[in-house]
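Heads up, the thing below is written out as structure tokens.
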Amino acid sequence: VPPLIERLREGLPPECVDASAPDRGGEATEEQRILVEALASVYEAHGDLAASASLLVWLGSDSLFHFLRRHLCEDAALAERMCADFGRLFELSAADAMALAVAHSDLFAPEAILQALE
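The opening residue of the sequence shown carries number 9 in the working numbering; numbering runs sequentially from there.
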């Protein structure tokens, strides 16, 4: 793991940097928001798009859907993670999640979409 990633992770709560942590989400301080956005950018630059997107989802970042529109088709791990997390995408922005599902109907299973609508 590059030193910059380790340094950024040190300032964040475990639920932010550990996908297996039970508490995914919550209110972040302004400093944590900045660190999360920076870490997401570093992951993106290193090609770990799924990790980057997970951070943006955790944060509820305004840049999440723009990021997904840019990268969803180019990374299988990212597509798999976002399909599994479609309900959370829907919670963040129903309109953006539905537009993403329509634009990438080959990736999003109808069952996941219907479950998010319930």
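Ideal Cβ positions, reconstructed from N, Cα and C, are used throughout, including at glycine. These numbers were taken from a predicted model, which means no experiment stands behind them.
Less than 8 Å between the CB atoms is what I'm expecting for residue i and residue j, so what's the real figure, rounded?
{"i": "LEU67", "j": "ARG41", "result": "6 Å"}
Between the options, which lies nearest to residue i when the distance is taken from Cα to Cα?
{"i": "ILE13", "options": "GLU38, GLU23, TYR51", "result": "TYR51"}
{"i": "GLU100", "options": "VAL65, PRO118, GLU82", "result": "The amino acid occupying residue 100 in the given sequence is Leu; Glu does not appear at that position. Measuring from the Cα of LEU100, the nearest candidate turns out to be VAL65."}
{"i": "PRO21", "options": "VAL9, PRO11, PRO10, GLU39", "result": "GLU39"}
{"i": "HIS54", "options": "ALA103, VAL9, GLU126", "result": "VAL9"}
{"i": "ASP56", "options": "GLU82, ALA36, THR37, GLU35", "result": "GLU82"}
{"i": "SER49", "options": "GLU35, ARG17, GLU126", "result": "ARG17"}
Please classify residue i as buried or exposed, where buried requires at least 16 neighbouring CB atoms within 10 angstroms.
{"i": "LEU72", "result": "buried"}
{"i": "SER69", "result": "buried"}
{"i": "SER136", "result": "Since the first and last residues shown for the chain are 9 and 126, residue 136 lies out of range."}
{"i": "ALA92", "result": "exposed"}
{"i": "ALA85", "result": "exposed"}
{"i": "ASP31", "result": "Only weak support exists for where ASP31 lies, its pLDDT of 48 falling under 50; the value from the coordinates is given anyway. Exposed, because fewer than 16 other Cβ atoms sit within 10 Å of the Cβ of ASP31."}
Is residue i near residue j, with beta carbons less than 7 Å apart?
{"i": "LEU122", "j": "ALA87", "result": "no"}
{"i": "ALA58", "j": "PHE98", "result": "no"}
{"i": "LEU47", "j": "GLY19", "result": "no"}
{"i": "ALA120", "j": "PHE94", "result": "yes"}
Give a yes or no on contact between the segment 73 to 80 and the segment 108 to 119, applying the rule of three or more CB pairs nearer than 8 Å. yes
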